[in-house]
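Notes follow the structure.
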Amino acid sequence: MRPEQRTSFARYRHSLWLLTQRDLRVRYSTSLLGYFWSILDPLVMAGIYWFVFTQVFQRTVGHEPYIVFLLSALLPWMWFNGTVSDCTRAFLREAKLIRSTRIPRTIWVNRLVLSKGIEFVASIPVLLLFATVAGAELSGWVVLFPLAILIQTILTAGIGLIVAPLVVFFRDLERAVKLILRFLFYASPIIYGTADLPTELQFWAGFNPLSGLFNLYRAAFFPEQLDWTLVLISALMSLLFLGIGLIVFTRTERAVLKEI
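Shown next, in the form of structure tokens:
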């Protein structure tokens, strides 16, 4: 089908896929290890935390096998963290191309969500390998994994649509986002579970959309981690962030084009 015969959604989808392919090819074209770099970072981090909390200190949080407990939240965190970090440069890095094309500008955020999401999906076999070696059993809640991916896609896209245009006007926001992400890493149930928090903090932790999201991922191996209240809050807050993101993006789009 010729491009002019396609629907606007089909053209958008086609352009999104082409840009995502370009991102992945550029990222790994000069890399000897290629795909393995996308999983090496979370594996090293998981290895460090596993060593610290199992060999150095007496761990009182999480579940056994702890390495699977870590990876089941750390891998989706890398998707979230990488996408939001890259969104701070989404318009500035591609300024000339954005100005010279008429592609809907949301695509410059969504391509980052998709490319990082593909890397996350590609890392799932590594999680399954560690689970097999460590003796972690899959529960029936593994069927919720696609739901977790969908919620995270909505959440990450929403935050990206807020961050990407605002950084164009407030360049210091790029550094601020890095600090916020660093804080959010420790404020989210990655090296611990939500139930490990003091009772007075569990209520506030529930308003972190990543709490219910990571619980949903972990339910595939640790059914006791599933808390439907947290999952519902996570889903609602993800939709809220997406709505806010679309409003912010729509109202700032013209000003962004002038600024870049």
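Add 284 to a position in the sequence shown, counting from 1, and you land on the number used in this note's numbering. For each residue, glycine too, the CB sits at the ideal point set by N, CA and C. A quick note: this is a predicted structure, and the numbers were derived from the prediction, not measured.
Alpha carbon of F506 to alpha carbon of S423, nearest angstrom: As a position in the sequence shown, residue 506 is number 222, starting the count at 1. As a position in the sequence shown, residue 423 is number 139, starting the count at 1. Each residue's alpha carbon lies about 7 Å from the other.
Considering only the beta carbon of each residue, do I475 and Y333 sit closer than 9 Å? In the sequence shown, the residue the question calls residue 475 occupies position 191. In the sequence shown, the residue the question calls residue 333 occupies position 49. Yes.
Using three-state DSSP, classify H298 as helix, strand or coil. The count along the sequence shown starts at 1 and reaches residue 298 at position 14. Assignment of H298 by DSSP, reduced to helix, strand and coil, places it in the helix class.
Leaving out five residues before and five after W361 in sequence, what residues of the same chain have Cβ atoms less than 6 Å from its Cβ? In the sequence shown, the residue the question calls residue 361 occupies position 77. Within the same chain, W361 has close Cβ partners I474.
Using the Cβ count rule (16 or more neighbours within 10 Å means buried), how would you classify T513? The residue labelled residue 513 in the question sits at position 229 within the sequence shown. So T513 counts as exposed.
Cα-Cα separation between Y470 and L359, rounded to whole angstroms: Looking up residue 470 in the sequence shown gives position 186. Looking up residue 359 in the sequence shown gives position 75. C-alpha separation (whole angstroms): 15 Å.
Which of helix, strand or coil does DSSP assign to E543? In the sequence shown, the residue the question calls residue 543 occupies position 259. DSSP places E543 in helix when its eight states are reduced to three.
Tell me whether the beta-carbon of A406 lies closer than 9 Å to the beta-carbon of P349. Numbered from 1 along the sequence shown, position 122 holds the residue referred to as residue 406. Numbered from 1 along the sequence shown, position 65 holds the residue referred to as residue 349. Contact: no.
Alpha carbon of F337 to alpha carbon of L354, nearest angstrom: Within the sequence shown, numbered from 1, the residue matching residue 337 stands at position 53. Within the sequence shown, numbered from 1, the residue matching residue 354 stands at position 70. In a straight line, the C-alpha of F337 is about 11 Å away from that of L354.
Three Cβ pairs or more, each shorter than 8 Å: is that satisfied between the stretch 369-381 and the stretch 392-410? They touch, by the three-pair rule.
In the DSSP assignment, find the alpha helix (DSSP H) that holds F375 and state where it starts and stops. For this step, residue 375 is matched to residue 91 along the sequence shown. Per DSSP, F375 belongs to the alpha helix (DSSP H) from 374-377.
DSSP three-state call for Y476: helix, strand or coil? In the sequence shown, residue 476 corresponds to position 192, counting from 1. Looking at Y476 - three-state DSSP - the assignment turns out to be coil, as it is neither helix nor strand.
The alpha helix (DSSP H) enclosing I438, as first and last residue numbers: Residue 438 sits at position 154 when you count from the first residue of the sequence shown. Annotation: the continuous alpha helix (DSSP H) that includes I438 extends over 429-453.
Would you kindly check if the distance between the Cβ of D511 and the Cβ of V345 is under 9 Å? In the sequence shown, the residue the question calls residue 345 occupies position 61. In the sequence shown, the residue the question calls residue 511 occupies position 227. No. Outside cutoff.
Burial state of F320, where buried means 16 or more other Cβ atoms lie within 10 Å: By one-based count along the sequence shown, residue 320 stands at place 36. By the neighbour-count rule (16 or more Cβ atoms within 10 Å), F320 is not buried but exposed.
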